[in-house]
Amino acid sequence: LNRPKSIPFKGIISQETINYVIRNIIDRQTLEKINQTVVLPLHQLIAPSKNRRGHQIPRPQNSFVLYRRNLSAVINKTNDATNNLASNKTNDATNNFKFISKEAAKNWSKESNEVKQFYELLADCAKQVHNMAYSHYSYKPKHKKFKYHFKVLKSSLASQDIPWACPFPKNLDTRKKSCTSPKITSPIIEVDRNFTEYDKKVWS
0 LNRPKSIPFK GIISQETINY VIRNIIDRQT LEKINQTVVL PLHQLIAPSK
50 NRRGHQIPRP QNSFVLYRRN LSAVINKTND ATNNLASNKT NDATNNFKFI
100 SKEAAKNWSK ESNEVKQFYE LLADCAKQVH NMAYSHYSYK PKHKKFKYHF
150 KVLKSSLASQ DIPWACPFPK NLDTRKKSCT SPKITSPIIE VDRNFTEYDK
200 KVWS
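Its first residue numbered 0, the sequence shown is counted upward by one per residue in the working numbering.
Encoded structure:
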């Protein structure tokens, strides 16, 4: 195989480069089966998706993300081919990301191992293309602020029947009180009671 003359940079990827990666990873017979399974052109499916949340580099696509992306194209293509009122009402739902993700998860669990293996191969291609487009990429997950986690934990505990999670009554005196020992009779009085008249005269 002839390597493409130009190497992509800064996220710019050519169809020639993607096809080169595909041919290096997937054999011809398997590639024919994949083309019968996938609706989107492979160079379009494997190319890194644009991040709409700013100028951040998108993450490499895994097998399920590729499967969901292809299913989205299938659903939209089906709705575009149908022009009746019922399909028009459904268009808003099918274009919804949550709806497509739910359908993809449901269908993915029912897919054969062969189909899943196809998407694993495509994911390997997508990862290599991503590395060529963003050579300095490193995944850095964002950690949510501690205050947010504390607020969620506090509201969760308050909703449960836990005594120490409930607020104290306003009229409750929470000041520390000194610990007092049980009241005992004075020892002098006890001794005085046991003395006889004779003893008193002796000690006086």
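By construction, the Cβ of each residue, glycine as well, lies at the ideal position given by its N, Cα and C atoms. Everything numeric in this text was worked out from a predicted model, so none of it was measured.
Going by C-alpha to C-alpha distance, which of Ala-132, Asn-95, Leu-41 and Pro-140 sits closest to Thr-69? Going by the sequence as given, residue 69 is Asn instead of Thr. When each option's Cα is compared against that of Asn-69, the closest is Leu-41.
My output table needs one value for Glu-110: the three-state DSSP class, helix, strand or coil. Reduced to three states, the DSSP call for Glu-110 is coil.
How about Tyr-138 and Leu-65: are their beta carbons less than 8 angstroms apart? no
Alpha carbon of Thr-77 to alpha carbon of Glu-15, nearest angstrom: Rounded to whole angstroms, Thr-77 and Glu-15 show a C-alpha spacing of 29 angstroms.
Is Ala-122 closer than 8 angstroms to Ser-48 when the C-beta atoms are compared? no
Tell me which same chain residues have a C-beta within less than 8 angstroms of the C-beta of Leu-120, skipping the five on either side of it? Ile-24, Ile-25, Thr-29 and Ile-33
Separation of Asn-130 from Ala-164, as counted between CA atoms: Reliability of the predicted coordinates at Ala-164 is poor, the pLDDT of 49 falling under 50, and no value is obtained from them.
How long is the line joining the alpha carbons of Ile-56 and Asn-75, rounded to whole angstroms? 26 angstroms
Could you tell me which of Arg-27, Thr-36, Val-38 and Ala-46 sits nearest to Gln-127, measuring between CA atoms? Ala-46
Determine the burial state of Arg-67: buried for a count of at least 16 other Cβ atoms within 10 Å of its Cβ, exposed for fewer. Answer is buried; the Cβ neighbour count reaches 16.
Give me, in chain order, the residues of the same chain whose beta-carbon lies closer than 7 angstroms to that of Asn-106; leave out the 5 immediate sequence neighbours on both sides. Leu-70
Thr-93 versus Leu-44 - alpha carbon distance: Below a pLDDT of 50, predicted positions are generally treated as unreliable, and Thr-93, at 47, falls in that range; no measurement from the model is reported.
What's the C-alpha gap between Ala-103 and His-54? 27 angstroms
What residue range does the alpha helix (DSSP H) around Asn-23 cover? Residues 14-24.
For Lys-139, report the span of its alpha helix (DSSP H) as first-last. Unbroken run through Lys-139: none, as it is neither H nor E.
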